Each structure stands twice: as structure tokens, then as C-alpha cells.
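The opening position of the sequence shown corresponds to residue 45 in the working numbering, with each subsequent residue numbered one higher.
For glycine and all other residues, C-beta sits at the position ideal for the given N, C-alpha and C.
None of these values were measured; they are calculated from a predicted model.
Take a look at the structure set out below.
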Amino acid sequence: MQTKTLGILGAGQLGKMLCERASPWTLDTVLLDAKEDFPAAQLAGTFITGDFSSAEDVIKLIGKCDTATIEIERVSSEGLRALMESGITVHPHPDSLDIIKDKGLQKDFYRDHDYPTSRYIHADTKQAVIDLMESDAWNYPVVLKCRTDGYDGRGVQICRSHSDVQSAMAGPYLLEDMVKIDTEISVIAVANESGEVRSFPAVEMVFDPEANLVDYLLCPAKIHPKVAAEAEELARKLIADLKICGLLAVEMFINEDGELLINEVAPRPHNSGHHTIEACNHSQFEMHLRGVLNWPLPEIKLVRPAAMINLIGSGETGPAVYHGWRELSAMPDVYIHLYNKKICKPGRKMGHITICSDNIEDLKKRIPELRGILTVEGDATS
Ligand code: ADP
């Protein structure tokens, strides 16, 4: 095997876990991101300081790698095109990335390719949204989304009145029917240049009904096997239609009528695939590397059921302080992943915990007992 150097744009936790998986293959890595204390920087073969959203900085990878990929969508597509012109293999392709970066173009793609998705319309301004809401075609509640730069629910607002529309972030927008969601699931697909396509088993986002926040992710999802198979097939078809190599995470809703609707996609490793490190025969990080490097894609299997809980920052903004690590780390089949983020902020993803069990009922019973043992907060006094 020839030694290859993989460029990764972004040095957050996804870049860190990609570097961890690249290490046993002696795959050299060169990472580019704003600061040398970011989670993946210590694991990078070479670290380049730069802004991945600027084409001028992305081209700093020219001459430094054979293949380049991303761990975040906000990377400059113009920069990626310049890397391709210099002879570097780039995945995902910037044309596909441009569709995904804009929730409006993503929805148009689903419509044009006959994928099931919620009804929607584009609206550039708040006034345009209000005009639509005053027409017969639209009724509150609706979901208003900023077309670009949203993440983790930021830029997504449920609107029940004109005043909710007035308080939304700046447009342009995508206006969607509010789906009566029964279950939210995610399927991660992977493809390579040779045309091989695989998918991971569907994952369920289990919500806390009181807080209305994702409580934990569960694999296998508690859904009908026929629906799971249909979702996995949709994800495999979509990755091929979007011409993506590497991973594509496909977030879907199952509505109250049992229909699958595609919500959105991400062309990179995804939060809903973290459990695959311990629970699958091949992790999402390994499969992303295989996909972008055009290495073989073996069949993916869930070896044992798993749940994943995000470790979210609390308290003030300040140096991260962890509590409960000893107690949690004493428990069998519990895997703690800390992202090594120096500063903890309320709501920031600081790590995750995966719990595996051969018995899914036993797994679900253990979650309330485990949740909350390990916490992280910012120390505002230091
Ligand atoms: P982000 O890109 O910030 O993750 P999403 O489009 O995934 O934004 O939306 C965040 C959450 O908002 C979803 O997980 C879902 O719970 C809810 N949501 C999004 N779109 C709709 C919709 N059309 N109907 C009902 N709920 C929705």
C-alpha cells in the first residue's frame, strides 16, 4: 500500500475521530483550521492555521496532500475547486456541497429527483413569508429555516404567528409545512469512486418529551423493519444521485401516517454515527476514509445494540471542568469520548458517551441510570 496524505478541512471532533481512525493505516494527515488548540490539531500529522471558509486559505493544502475531504460544510467550495485543479482528489465534490450548503437547493433537489420530503416554498424576506401566510395555501404552524449557515437547530424556527416570523433570523428562507413527526431517524450511507455503496443501520433520535430535546440516539431504531429497509435504500439512492464519495448522513422523519420524509443531509461523519466506533464492524470514520480514498467498502453490520448520549457543556463559559468521570468509567461497556475542547460553553458539544449491550431492553433500562453521571461545566472564575 502506497502512503497517502489526506487533507482534512476542519479540526473539530469529527476531524479528531477521523485522524484516530487514520492512524492504524499509517495514513498521513494534514489539517487546516483556525487554531492549534482545536480538538483534532494534536492528532494531525501536519497542522496548517487558516480559515476553511476562505478560498485563499483552503489552497494552502496545494502540494501538501493527495486527497482532501471536509468535516464541516462551511468550507469554501471555490477553494475546493482550486484544489481539484491542482490535481488533488476532493470528496465531497464542491458541486454537491453547494447543493447541500443551501437548504433551499437541497429541497429543490429532492423535488426534482422525486424524493419524499415535506411541502415547501422559498421566501427571500420576512414580508414574503407573511404574504404567503396570508394566502390560502399556507397555515400556521409552519417551520421557517434560514437557507444557509444553520446548524444544530440554529436558524430553524417554528412559527405560529406573524410575530414569530418577525423575530426570526435574517433570510433568505425556506418555508416548510410542519410535519406531524412520529419518529426522527438518520441513515448514514457511504460510497466510493468505484461505485460501491453501503449503508449503516438506521438510528433513532429519542426525544425527551418534557425538554423536547434529543435525549439519546439508539441503534437499531425501534421502527418497523420494512421502514428501516426503505430508509436505508433511500439513503443509498440519494448518495448515488448526489454523486458523493465518502459519507452522506440522511436525516429523515417518519410522520404519523408512517411515511418517510427526507429532512436534510450532511456529506461527512455525523453525530448520529458516533456509536459505530464500538457497535459496528466498521465505524463511520473508517468508512469515510475508505470512501474518499476509493478503498473497498465491506458490508456494514451492527455487532451489538448501542445508545449514544452527547455530553453538552453547562454552567458558564470558561475552562472545561469534568465531574463524574471515575464513576462512569468504572462501568462496563460504557465508552467515554472527550473532544479535548479547552473552553466549555453552555450548549457546546464537549464529548459523547456510547453504551453497548447485547440486549436492547437492558440498554434502554441503563440509560436513565447513566445519564447525568458525567458532566462538564465552564469555570468562570479562572
Ligand atoms: P439543523 O440543520 O439546524 O439541524 P433541521 O432542519 O435538522 O436543522 O431541523 C432541526 C429540528 O427541527 C429537526 O430535528 C426537527 O425536530 C425539527 N424540524 C425541522 N423541520 C421540520 C418540519 N418540516 N416539521 C417539523 N419539525 C421540523
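TODO: Work out the CA separation of SER243 and PRO376 for me, nearest whole Å.
DONE: Distance between PRO376 and SER243, taken at the CA atoms: about 28 Å.
TODO: Kindly identify the DSSP beta-bridge partner or partners of THR93.
DONE: THR93 pairs with ASP77.
TODO: Reducing DSSP to helix, strand and coil, say where SER179 ends up.
DONE: Coil, per DSSP.
Open item on the list: Against chain D, with Cβ distances strictly below 8 Å, would ALA273 count as a contact?
Closed with: Protein chain content of the structure displayed is limited to a single chain, and chain D is not contained in it.
Open item on the list: If we require 3 or more residues per run, which beta strand (DSSP E) segments fall completely within the region 213-267?
Closed with: Fully enclosed beta strand (DSSP E) runs of 3 or longer: 217-221, 225-235, 241-243, 247-252, 257-263.
Open item on the list: Quick check: what's the CA-CA separation for ARG392 versus GLY302?
Closed with: 33 Å
Open item on the list: Would VAL378 and ILE397 be called neighbours here (beta carbons separated by less than 8 Å)?
Closed with: yes
Task: Backbone CA spacing between VAL173 and ALA167 [nearest angstrom] - done: Rounded to the nearest angstrom, the two C-alpha atoms are 6 Å apart.
Open item on the list: Does LEU257 pass the burial test, meaning 16 or more other C-beta atoms within 10 Å, or should it be called exposed?
Closed with: exposed
Task: Nonlocal neighbours in the same chain, by C-beta distance under 7 Å from LEU87, ignoring five residues either side - done: LYS60, CYS63, GLU64
TODO: Would you mind sorting PRO342 into buried or exposed? The rule is 16 or more other CB atoms within 10 Å of its CB.
DONE: exposed
Task: Whole alpha helix (DSSP H) elements within the region 82-138, 4-residue minimum - done: 99-102, 121-129
- [ ] Determine the extent of the alpha helix (DSSP H) in which THR320 is found, giving its start and end residues.
- [x] Boundaries of the alpha helix (DSSP H) harbouring THR320: 320-323, taken from the DSSP string.
TODO: Rank LYS385, VAL186, ASN236, GLU300 by C-alpha distance to the C-alpha of GLY395 and give the top, closest one.
DONE: The shortest Cα separation from GLY395 among LYS385, VAL186, ASN236, GLU300 belongs to LYS385.
- [ ] Consider the C-beta atom of ILE189 and the heavy atoms of the ligand ADP; say whether any pair is separated by less than 7 Å.
- [x] The residue asked about is misnamed: residue 189 is Lys in this sequence, not Ile. Yes, the Cβ of LYS189 comes within 7 Å of a heavy atom of the ligand ADP.
Open item on the list: List, from N- to C-terminal side, the beta strand (DSSP E) runs of 3 residues or more that fit wholly inside the region 264-331.
Closed with: For the region 264-331, whole beta strand (DSSP E) runs of length 3 or above, ordered along the chain, are 290-299, 304-310.
TODO: Could you pull out every residue in the same chain whose Cβ sits closer than 7 Å to the Cβ of ILE165, ignoring the five residues on either side in sequence?
DONE: LEU176, LEU219
- [ ] Please classify VAL198: is it buried, with 16 or more other beta-carbons within 10 angstroms of its beta-carbon, or exposed?
- [x] Checking the sequence, you will find Arg at residue 198 rather than Val. Burial is judged here by how many other beta carbons sit within 10 angstroms of a residue's own beta carbon; ARG198 has fewer than 16 and is exposed.
Task: Contact the region 178-197 vs the region 323-340: 3+ CB pairs below 8 Å - done: Not touching, per the Cβ criterion.
TODO: Spell out a yes or no on whether the region 138-147 and the region 268-282 are touching, meaning 3 or more CB-CB pairs, one atom from each, closer than 8 Å.
DONE: Cβ pair count under 8 Å is below three, so no.
TODO: Taking all protein chains shown into account, decide if HIS381 is buried (16 or more other Cβ within 10 angstroms of its Cβ) or exposed.
DONE: buried
TODO: Under 8 Å by Cβ, that's how I've got HIS135 and THR113 pegged, so tell me the actual separation to the nearest angstrom.
DONE: 5 Å
Open item on the list: With the cut-off set at 8 Å, would you say HIS318 and GLY290 are in Cβ contact?
Closed with: The answer is no: Cβ separation not under 8 Å.
TODO: May I ask whether a heavy atom of the ligand ADP can be found less than 7 Å away from the beta carbon of VAL200?
DONE: yes
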